[in-house]
Amino acid sequence: MSREQTHHLLFDETIVAIITPPGEGGIAALRIAGALAFSILKKHFQTPNKTKTFQKKPFLMQTGQFIQRDGKPIDEITAVYMPEKRSYTGLEQVEIFCHGGSAITQLILQSILDSGARTALPGEFTQLAFLSGKIDLAKAEAVAEIISANSIHSYESAREHLLGAYTEHIVLLRERIVTVLADMEASIDFAEEIDESDKLEQIKAIDKISADIKTLLDTYKGGRILKDGFTIAIAGRPNAGKSSLFNRFLKSERALVTSTAGTTRDYLCEWIDLDGYAVQLIDTAGLREGRGKIE
1160 MSREQTHHLL FDETIVAIIT PPGEGGIAAL RIAGALAFSI LKKHFQTPNK TKTFQKKPFL
1220 MQTGQFIQRD GKPIDEITAV YMPEKRSYTG LEQVEIFCHG GSAITQLILQ SILDSGARTA
1280 LPGEFTQLAF LSGKIDLAKA EAVAEIISAN SIHSYESARE HLLGAYTEHI VLLRERIVTV
1340 LADMEASIDF AEEIDESDKL EQIKAIDKIS ADIKTLLDTY KGGRILKDGF TIAIAGRPNA
1400 GKSSLFNRFL KSERALVTST AGTTRDYLCE WIDLDGYAVQ LIDTAGLREG RGKIE
């Protein structure tokens, strides 16, 4: 399926998903995006006194009840309407905030699905934002990175991408490349008017662009470490204190510690935050000649 076909298919549908983590909490949120978003909410929204329905006023938070088709209320909610081109996805969009119980959110979700929406695929809201021109590809990737950030530094790196620092750098590089290409084409078409100094300036510009691209590529490894974190294995002789050190870093009794050598047979993994960096610690078995089938 081509990108154009995918674009039309997505924009013709109305999708819905619970956008808060699973489990119990004070508040849960659902997002509806697509042409039916407002009509679905209006069908299921009712004020406590039953005299008014949901008003189509952009970005106005309204309080009421979410009702089923038979008029039976499910929960007290607040909801907000976002018009086309002014929402995150670029489509007509509605967000509903209810109490954070799994049973409540599932009942509301099913009612919305029964009214003509379909379940959104993972990342589909951000895909719509990209196809609508609300964000570019770098920002779309940054959304996933900022959600999965497991340390302060990985969050800060993702935030810079989301705010457009990476995109701005790429755009400026592209503009410089296009300028050099235009100058080179002009030097071919008007060769008699180009002297050696002009050629040297073009070479210098190309060298500077090449150096900047190399610098950008060199940041990839560091960026991946910020995103994925470091991995550190604690290795050494039996009874050298590896598990004790592991527990000390974690500030909990995660690994079994005894005076008997060979207590650790399978490696243990845990994540810690070390000065804002995500670090995966691995507690390993002692290094010695194997004794028996298990070792």
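1160 is the number of the first residue of the sequence shown in the working numbering; add one for each residue after it.
Don't be surprised by glycine CBs; every beta carbon is placed ideally from N, CA and C.
It should be emphasised that the depicted structure is a prediction, and the values quoted were computed from it without experimental measurement.
>> Starting from residue 1189, trace the alpha helix (DSSP H) in both directions and tell me its first and last residue.
In response: Counting along the chain, residue 1189 falls outside any alpha helix (DSSP H), though it belongs to the beta strand (DSSP E) covering 1184 to 1192.
>> If I measure Cβ to Cβ from residue 1195 and keep anything under 7 Å in the same chain, skipping five residues before and after, which residues do I get?
In response: Take residue 1195, set aside five residues on each side of it, and the residues of its chain with a beta-carbon closer than 7 Å to its own are 1173, 1275, 1276, in chain order.
> Between residue 1220 and residue 1213, what straight-line distance do the alpha-carbon atoms span, to the nearest angstrom?
Replying inline: Each residue's alpha carbon lies about 10 Å from the other.
>> For residue 1354, list the residues DSSP reports as bridge partners.
In response: None, per the DSSP bridge assignment.
>> Bridge partners for residue 1205 per DSSP, in chain order?
In response: Residue pairing by DSSP places residue 1205 opposite 1224 in a beta bridge.
> Going by beta carbon distance, what residues of the same chain come within less than 6 Å of residue 1326, once the five residues before and after it are set aside?
Replying inline: Here the set comprises 1295, 1297.
>> Quick check on the burial criterion: 16 or more other C-beta atoms within 10 angstroms. Buried or exposed for residue 1372?
In response: When all chains shown are included, residue 1372 counts as exposed.
> Taking C-alpha atoms, which residue in 1269, 1360, 1388, 1448 lies nearest to residue 1310?
Replying inline: Here the closest residue by C-alpha is 1388.
> Which stretch, first to last residue, makes up the beta strand (DSSP E) that contains residue 1392?
Replying inline: Residues 1389 to 1393.
> Are the Cβ atoms of residue 1236 and residue 1257 separated by less than 8 Å?
Replying inline: Yes, these two residues count as a Cβ contact at 8 Å.
>> Tell me the rounded alpha-carbon separation between residue 1444 and residue 1280.
In response: Separation of residue 1444 and residue 1280 (C-alpha to C-alpha, rounded to the nearest whole angstrom) is 42 Å.
> From which residue to which residue does the beta strand (DSSP E) around residue 1252 run?
Replying inline: Looking at the DSSP string, the run of the beta strand (DSSP E) that includes residue 1252 is 1252 to 1259.
> If you draw a straight line from the C-alpha of residue 1368 to the C-alpha of residue 1318, how long is it?
Replying inline: Those two C-alpha atoms are separated by around 26 Å.
>> Need the endpoints of the beta strand (DSSP E) that residue 1433 sits in, please.
In response: Element bounds for residue 1433: 1427 to 1433.
> If we count the other Cβ atoms within 10 Å of its Cβ and call it buried at 16 or more, is residue 1182 buried or exposed?
Replying inline: Looking at its Cβ environment, which holds fewer than 16 other Cβ atoms inside 10 Å, residue 1182 is exposed.
> Going by Cα to Cα distance, which pick from 1383, 1375, 1253 is closest to residue 1215?
Replying inline: Checked all of 1383, 1375, 1253; the closest Cα to residue 1215 is 1253.
>> Among 1441, 1351, 1190, whose alpha-carbon lies nearest the alpha-carbon of residue 1404?
In response: Residue 1404 has its Cα closest to that of 1441, out of 1441, 1351, 1190.
> According to the neighbour-count rule (16 or more other Cβ atoms, all chains shown, within 10 Å of its Cβ), is residue 1401 buried or exposed?
Replying inline: Its Cβ being crowded by 16 or more others within 10 Å, residue 1401 is buried.
>> Here's the rule: buried if 16 or more other CB atoms are within 10 angstroms of the residue's CB, otherwise exposed. What is residue 1264?
In response: Result: buried.
>> Give the list of continuous beta strand (DSSP E) stretches no shorter than 3 residues that lie fully inside the segment 1229 to 1295.
In response: Within the segment 1229 to 1295, the complete beta strand (DSSP E) runs of at least 3 residues fall at 1232 to 1241, 1252 to 1259.
>> According to DSSP, is residue 1330 part of a helix, a strand, or is it coil?
In response: Of the three classes helix, strand and coil, the one that applies to residue 1330 here is helix, per DSSP.
> Excluding the five sequence neighbours on either side, which residues of its own chain have a C-beta within less than 8 Å of the C-beta of residue 1187, listed in chain order?
Replying inline: The residues are 1177, 1179, 1256, 1257, 1258, 1259, 1260, 1263, 1264.
> Which of the three DSSP states, helix, strand or coil, is assigned to residue 1162?
Replying inline: Only weak support is given to the placement of residue 1162: the predicted model assigns it a pLDDT of 49, under 50, and the value that follows is read from those uncertain coordinates. If DSSP states are grouped into helix, strand and coil, residue 1162 belongs with the helices.
> If you measure from the CB of residue 1225, is any heavy atom of the ligand NAD nearer than 7 Å?
Replying inline: The ligand NAD is absent from the structure shown, which contains no ligands of any kind.
>> If you reduce the DSSP assignment to three classes, tell me which class residue 1368 lands in.
In response: The answer is helix: DSSP assigns residue 1368 an H, G or I state.
> Count the other CB atoms within 10 Å of the CB of residue 1268; is the residue buried (16 or more) or exposed (fewer)?
Replying inline: With 16 or more other Cβ atoms inside 10 Å of its own Cβ, residue 1268 counts as buried.
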